[in-house]
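Residue numbers for the sequence shown, in my numbering: 208 to 346. All residues carry an ideal CB built from backbone N, CA and C; glycine is no exception.
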Amino acid sequence: MAGRKLLHRSTGVVETPVERVRDLVLTVRPGPVSDTNGWLLTDLGETLSGGPQRFTLTIAGGTQTVELSADTLAIQGGWWYRGEWTVAVTGDGTQVTYRVYNVASKTRWLVPLANRFFFGFQEQQRQGFRDVLDRLSRA
Numbered sequence: 208m209a210g211r212k213l214l215h216r217s218t219g220v221v222e223t224p225v226e227r228v229r230d231l232v233l234t235v236r237p238g239p240v241s242d243t244n245g246w247l248l249t250d251l252g253e254t255l256s257g258g259p260q261r262f263t264l265t266i267a268g269g270t271q272t273v274e275l276s277a278d279t280l281a282i283q284g285g286w287w288y289r290g291e292w293t294v295a296v297t298g299d300g301t302q303v304t305y306r307v308y309n310v311a312s313k314t315r316w317l318v319p320l321a322n323r324f325f326f327g328f329q330e331q332q333r334q335g336f337r338d339v340l341d342r343l344s345r346a
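Printed below as a string of structure tokens:
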């Protein structure tokens, strides 16, 4: 995807089998968000519509776009945010990578400046990632 800049990246490995992680992270279909549909989205939204590769996630006050590929779930919303969750096999288990991109167009320069005012942005991203890894480890 052209016109995006990487702002954050976290990578970790869980012992949970890759098939289980893929089922949790990459299962997205129209309907209510739940532990078996849009697992990563349970704190974000209420309902998914569309598909099979591009969905609209209804959230309080608006919508976000959810895109699905063989190994990646992407969530894009607001004026600048795109988060991508990728699942891969590794010798130690399942590797999970989370990337946050700035996808703003004309005001792209404003995002890093604004994030500096959101004290703890990087740590908040890291903690959220650790929380997801913990949930995956218990799945």
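Assigned exposure category for Q332 - 16 Cβ within 10 Å defines buried:
With 16 or more Cβ atoms within 10 Å of its Cβ, Q332 is classed as buried.
How should G298 be labelled, buried or exposed, when 16 other C-beta atoms within 10 angstroms of its C-beta is the threshold for buried?
Exposed, because fewer than 16 other Cβ atoms sit within 10 Å of the Cβ of G298.
First through last residue of the alpha helix (DSSP H) which encompasses R180
Beyond the ends of the chain as shown, which are 208 and 346, falls residue 180; an answer cannot be given.
Who are the near neighbours of L214 in its chain, counting only those whose CB is closer than 6 Å to its CB and skipping five residues on each side?
V307 and N309
Tell me where the beta strand (DSSP E) around W287 begins and ends.
Looking at the DSSP string, W287 is not in any beta strand (DSSP E), and its letter there is neither H nor E.
Can you check DSSP and say which residues form a bridge with W292?
L280 and Y305
Segment contact, 8 Å Cβ cut-off, at least three pairs: the segment 270–286 with the segment 229–239:
yes
Within 10 angstroms of the Cβ of E291, are there 16 or more other Cβ atoms? Answer buried if so, exposed if not.
buried
Looking only at its own chain, which residues have a Cβ that is under 8 Å from the Cβ of G252, when we skip the five neighbours before and after it?
Around G252, the same chain offers V240, G245, L264, T265, I266 and Q271 as residues with beta carbons nearer than 8 Å, after the five sequence neighbours per side are excluded.
Does any CB atom of chain B fall closer than 8 Å to the CB of V232?
Included in the structure is just one protein chain, with no chain B present.
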